[in-house]
Structures are given as structure tokens and as C-alpha cells.
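Okay, so here's the structure we're looking at.
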Amino acid sequence: MRLPQIDLDDRGFQDLVSEARLRINRSCPEWTEQNVSDPGITLIELFAWMTEMVIYRLNRIPDKLHVALMELLGIELEPPTCAETDVRFMLSARPAEPVTIPGRVTEVASPRGLHEEPVVFQTIDDVVIEPTKLAEYVIERGGDFANVGVGEGDAQPTGSNQLPFSSPPQVDDAMYLGFEQSQARRVMKIDVDCSEARGAGVDPENPPLIWEAHTGPGEEDWTPARVLEDTTGGFNYGSGVVILELPRSHELISMGGRRAYWVRCRVSRVTQSGTDSEIYDHPPAIYSISAGVIGALVPSSHSVTIVREQLGESDGTAGQSFELQHAPVLPTEDDEGLEVQLPGSPDWTPWDRVETFAESRGTEDHYRLDLASGLIELGPAIRTGDGGWRQYGAVPPKGAKLRVSRYRHGGGRRGNVAQGALTVLKTAIPGVTEVTNPRQASGGVDPETLASARERAAMEIRTRYRAVTRDDFEFLSGEASPRVARAICVEPEKTVGVARIHIVPRLEPAERRLEFSELVPDEKLFEEVASYLDERRLIGTRVELLPARYRGVTVVVNLQANLRADPRRVEDDVATALYSYINPLVGGAMEGTGTGWEFGRALNQGELYGVIHAVDGVDFVKILRVYETDLETGKQEPEAAGSHLILEADEVVASGKHIVKAEHQEY
446 MRLPQIDLDD RGFQDLVSEA RLRINRSCPE WTEQNVSDPG ITLIELFAWM
496 TEMVIYRLNR IPDKLHVALM ELLGIELEPP TCAETDVRFM LSARPAEPVT
546 IPGRVTEVAS PRGLHEEPVV FQTIDDVVIE PTKLAEYVIE RGGDFANVGV
596 GEGDAQPTGS NQLPFSSPPQ VDDAMYLGFE QSQARRVMKI DVDCSEARGA
646 GVDPENPPLI WEAHTGPGEE DWTPARVLED TTGGFNYGSG VVILELPRSH
696 ELISMGGRRA YWVRCRVSRV TQSGTDSEIY DHPPAIYSIS AGVIGALVPS
746 SHSVTIVREQ LGESDGTAGQ SFELQHAPVL PTEDDEGLEV QLPGSPDWTP
796 WDRVETFAES RGTEDHYRLD LASGLIELGP AIRTGDGGWR QYGAVPPKGA
846 KLRVSRYRHG GGRRGNVAQG ALTVLKTAIP GVTEVTNPRQ ASGGVDPETL
896 ASARERAAME IRTRYRAVTR DDFEFLSGEA SPRVARAICV EPEKTVGVAR
946 IHIVPRLEPA ERRLEFSELV PDEKLFEEVA SYLDERRLIG TRVELLPARY
996 RGVTVVVNLQ ANLRADPRRV EDDVATALYS YINPLVGGAM EGTGTGWEFG
1046 RALNQGELYG VIHAVDGVDF VKILRVYETD LETGKQEPEA AGSHLILEAD
1096 EVVASGKHIV KAEHQEY
């Protein structure tokens, strides 16, 4: 297939004439006679014809020359970004001594495939798993609290305190386990010796209990913990073990007059999985309960850290360059960069990285790093108008040694591995028996292609790194990070000088059902975009960054499949087509992959018929209904949305969980 043509300017003769006529109305309203026989219109058409010839020659610029022009303007390829996820490290037993998971050293990988290399993740920071004992045990029955003593990490209630809930249990009755230190991101093992709870209609695999951790300053700030294992069956089976994965934060609060970091088990009519349930008729009796840490969630990234890589020696000339062994390079952090050792000195001096040498004096220790190519450049010497030379940035003397203290390489969409893909611990850690990623990794973006950079060049030249118009804010938001897929800027009503920017994060792959948590940018991305825009906004302009406004859409389809087609395959293909079409990242195109559903574009039920009928094996659609859905909760509106779903200018549609049923015709 031929390479697609890139037009540097796509305006034609009629476009130029129309633009000139528009300028007449704005600049010279006295000119009212604009018919084709007017001499002024004739001149406009002449100049439009001449300009069209210039544009034609401009679009014939060879690729090599175009790339050279981009280099002169300082336009470079964007580097990749690395996917990140939490890796769960499980211990063989409760530790007697602290267990350290070293950061930037510990590597976890996917199993090696037959034809592909494993994907390697590296822990970001050191994590120490401290031995933990139960410090407090409090029960709440009907709103009344009772403190139960804890000895050596084991609570052994007596008398009426053996019942953690009312008899019969009431909604919001709870038992509280308190700890002296925060257990954020920890995996907790709770050993329970108890009698069996009883209740008609209670499912032991999905009991009416919610395990939660306190995560905020207020009394109502409780976040559900993830139940990894429950051999008690929600106390239906009696004694057993409950293993919890606690959330990312854990805060102090007073419960029943005791101040601690609390984890609680609360009676609820809604189960941990979100389904409705009957509650118990009779509570369990707790004879003893203890708890301790047996694992931790460790933030990890798809990267490999290289430490103290030697670059070579300086020859004492200006404009030297050195190439790193691994490229592309991930964005550097504070303790990463070039170091220089002068001849005869034992010390290594860190140099400062700059984007350009334009403001560098000849005595300043500055260098540039091209992340995409891994090339380190030192300051050049430029001839001045009087015949002399000016040095931009210092030059290490001849014989000086250069090295990079630390840098990371890797990244790309390959790191967006599925849940449970990382199972190989490449370096053994005493006490660690199992590793896995409980959630899919996200955030990995490939390096920018040359074609993408060429399309970006025109807009980048126009903005010149200054955010003034709405288009400037949208473009520069994408420039701030490759993880920004789309951005829309709106000015809130009844406000002046406020740029409200809604961001859609980049997700790979995007041709699937996208979870609401994935579509919300994380704080790190918001901080990155905010820092970038803050340097480029006009004084007096306030920038507000928010997630995009999504309108969730669920499509219910009943269709007849071709007799030669497998109904299950047809269902999967139709669902995939709907998830791809109703998609803020790749949706909106009837054929092929789109650029994302346009903000404010209405959804018509009729176009969905075309998407479904384009799937191989579909004979015709019997029933098609569209429902609005809350993406965060998954709750679907009871009434269909009708044939036309209107969106506001800053809204974009995203798929909920589509329901597709395919059947063969019955005879």
C-alpha cells in the first residue's frame, strides 16, 4: 500500500477565495458589491490562483527536506511512556522480621513465550513489610460500641462480646480490627476461630458482609478492601482465614474511644460484589481473632534501570555527543543524569539537563538529552558577527570522563499487560513465595512516529509554546505528555479568564470495553499537564484540569445470525464492534479505526444498525435499544434513551456493558 500523502497546506482555490471574501466583510464593510464581475473580486481570484500554485509547490517538498526543516525548528520525536501497575508480593507466613522489597532493583516478568521475550517490570521504590499484630478489637451493635481486650495480638472475647453483631444482626453492625501502623497497600491475613452464622438465603461465596479500611479524615471515609480468600464463607462455615488486600491509603481515627488504623467487617444488604442479599438470622460467635501482614502491593513500572553507564572521555572540543547503550530513554528524574570526572579528581560532578543551549553561558555545566534516540549533546560553539566564537554551555577538558549516574529505558504499549501476567520473580527475596499483578497495567505508549511528528509540526509552530486560544490549550495538553490522548477546552459560564480542560488518557489497546477507572486520568498525569501549561499560560489565566465528561451508553441487541455462522462468535464480534464504535479513543468511524468519538456529537440509534449489520454472520436485527448508563457504578437507566441521544459540547460517549444475543431462525 502506498504511503499516505501529507499536505502541509490543504487549502484550494475556492477556500482561498472564500477566506478573502470573509475578510472583506470584517475589514471593509463599505465594500458591498461583491459579484463576480467586480474588479476587486477579479483581483482576489487572481491572487487565489497564484497562492494555490505556491501551495502546490509547498506540498511537493521532499520528505528529507521536510524532516530537516523540522530539525531546524527543534521539533523532536516524543519518547515512550512506561506502563505502571501494582505487583502483589505474597509471603510464606507472617514475618518475624521486616522484609524489604528493594526499589529499582527487583524485577518481575511475564513467562517467556515461544516467540517473544518476557515483559519485565521493575519496582519503583523500596517497600518494607513490617511485622504487624492486632492492637485493638472493637464491636458495634445497634450503634453501641464495646471494647474487647487484645493480648499479644490475639483477641479472645468472652460472654456477650463473643457476638460481633446484634442478634439478629442489623445493617451496619460491624467488628473493628485496629493496628498501630498504617497498613496501606498491605495484604492482611485474619485468623478467626468462631461458630457458624446462620441465615436463610445467604450465599457463603457472596455473603452480606463488606470488609473496609478507613482511608480519610472523616468518620464516613471507608473504602472497600479486596477479599482474596475467605475460607469462613462469610462465617457460614465457622472457623477459617480471611485474606484482604487493603486500599492505597489508611488513616487514623478513633472508634469506641480507641485511636488506631482500623479495618472493619460490616453487615450490609449489598454484598462485596455489589449484589443484593438477605442478611443473617443469627450472628457467629467469635472465640478468638488475630491478624497480621503476609504481603504488600508494590508500585512497579515497565522499565529497566541502568546504573553508572560509562560514556567515554572528552576530547576537549565543543559540540561533542555521546550515545547511550539503550534507547529510547524514559523521562529522567532528579537523581538521573550526566556526571563528569575531571582529570586527577576522584569526584563525579553532576551536570544539569536543559532543553536548549540558547540561554547557557560558556561556564555553565549543561547538557541536552534526546530521549527518543538516547543521544547526549554538549554545548556548541557558534561564530559571532565580529568573527569570533561564542560557547554555549561548558565543555569538559580533554581527558575528563563522562558517565550517566542512572537512567531508565523501556516503555511502550507492550507493557500494558493483562491482569495476572506478571508471575516470575527474577531475583529471589527471602520469604517471598508468589508475585502477580492483580490489575491490568496501563499508561504504556509507544514512541512517536515520524508521520505523527510531521502532522504535529504545523500546530506546534503556530502555538510556539504559548497558550492563548482554546486550540492552544488543547494542543499543548497533548504536548505535555504522550499519555494524553485527547483534550477539550471550555470556558465555564459566567467566568472570565478560566480555561477548563477535560482530558481523556491514552489507553492501549483501546478497541475494547474501557473501565471507568481507566478513563479517569491519575494524579501524576494531571500534575504533569498542569506543570506544562502553567509555564505557557497567560498571566491572569486560571487553568482547571478535569476528567472528560462521559455519557455511558449500553446497547441491548437481539439479532438473527446466519445459519452458517456460530451464534457465540457473532455475539462476540458484534459486542467488539460496538465497544470500538462507541469509544472516546477509537470510535466514531463506520469503517476501520476512528480517532475517537467527537465531543458533543449526538448518538443516533440508526447508525448502530449499520455497525451491527457490517459484522459477518448477521442476517438482521430483531431488537435494538440504547440505555444511558452510569459508568462509575454500572447502573443502567430503566427506560430506553430513544433514537437520538443529545450530548453537550464537552461530553463524549463511552460504552457500558453491551448485551448481545444471537439466535438462529427457528423452523
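Every number in this note's numbering is 445 more than the matching position in the sequence shown, counting from 1. Just so it is clear, CB atoms sit at the ideal spot from N, CA and C, and this is done for glycine as well.
Exposed unless 16 or more other CB atoms sit within 10 angstroms - verdict on residue i
i	result
K843	exposed
A645	exposed
Q479	exposed
F624	buried
P614	buried
R709	buried
T914	exposed
R753	exposed
C639	buried
I734	buried
P524	buried
S482	exposed
H659	buried
W494	exposed
E879	exposed
S790	exposed
S718	exposed
H947	buried
I506	exposed
G1101	buried
Y1026	buried
Beta-carbon spacing of residue i, residue j below 8 Å
i	j	result
E581	V595	yes
V929	R911	no
V1097	P1029	yes
D421	H811	Absent from the structure is residue 421, since the part of the chain shown begins at 446 and ends at 1112.
L847	L783	yes
D738	I688	This sequence places Val at residue 738; Asp is not what is there. Contact: no.
P795	A845	no
V637	I724	no
V715	H854	no
V1066	V1001	no
M1035	G1055	yes
T872	T545	no
Y1024	H1103	yes
G997	D1075	yes
V564	V785	no
G1032	G1045	no
Residue nearest to residue i in terms of C-alpha spacing, selected from the options
i	options	result
E973	G860, P524, E924	E924
P728	R835, D721, R586	R586
V553	F1065, A1099, A886	A886
R899	I469, L514, A465, V1001	L514
P649	V672, G678, A642	G678
L756	L970, G865, P841, N681	P841
P954	L1023, R859, P892	R859
A993	L1008, S1088, I933, T868	I933
V647	L608, G1101, I1104, V712	V712
Q864	T487, R533, T477	R533
S850	A1086, E781, D1011, V880	E781
L622	D599, P563, L608, L1053	D599
G1087	L1069, G1101, H1103, K1080	L1069
P875	E690, H1109, T577, P543	P543
H1058	H1089, L1004, G548	L1004
Cβ-heavy atom distance, residue i to the ligand FMN, below 7 Å
i	result
R643	Among the components modelled here there is no ligand, and therefore nothing to report on the ligand FMN.
Residue-level contact to chain E via CB, residue i, 8 Å cutoff
i	result
V687	The structure shown has no chain E; it contains just one protein chain.
Any 3 or more C-beta pairs closer than 8 Å across the stretch 743-761 and the stretch 657-670: no
Segment contact flag, the stretch 508-518 with the stretch 531-541, C-beta cutoff 8 Å, min 3 pairs: no
Validate contact between the stretch 692-700 and the stretch 624-637 using beta carbons, cut 8 Å, 3 pairs: yes
At least three beta-carbon pairs within less than 8 Å, the stretch 825-844 to the stretch 522-532: no
The stretch 754-773 in contact with the stretch 803-823 per 3-pair CB rule at 8 Å: yes
Contact the stretch 588-605 vs the stretch 768-787: 3+ CB pairs below 8 Å: no
Cβ contact (3+ pairs, closer than 8 Å) linking the stretch 698-707 and the stretch 647-656: no
Uninterrupted alpha helix (DSSP H) stretches inside the stretch 450-498 (no shorter than 4 residues): 458-472
Whole runs of the beta strand (DSSP E) within the stretch 834-903, excluding any shorter than 3 residues: 834-836, 846-855, 877-881
At least 3 beta-carbon pairs within less than 8 Å: the stretch 1012-1028 vs the stretch 931-949: no
Minimum length 3: unbroken beta strand (DSSP E) runs contained in the stretch 752-835: 766-768, 783-786, 811-815, 820-823, 826-828
The stretch 483-492 in contact with the stretch 462-469 per 3-pair CB rule at 8 Å: yes
Entirely enclosed beta strand (DSSP E) segments - the stretch 571-649, minimum 3 residues: 572-574, 581-586, 589-593, 619-624, 631-639
Alpha helix (DSSP H) segments (min. 4 residues) lying fully within the stretch 908-938: 915-925
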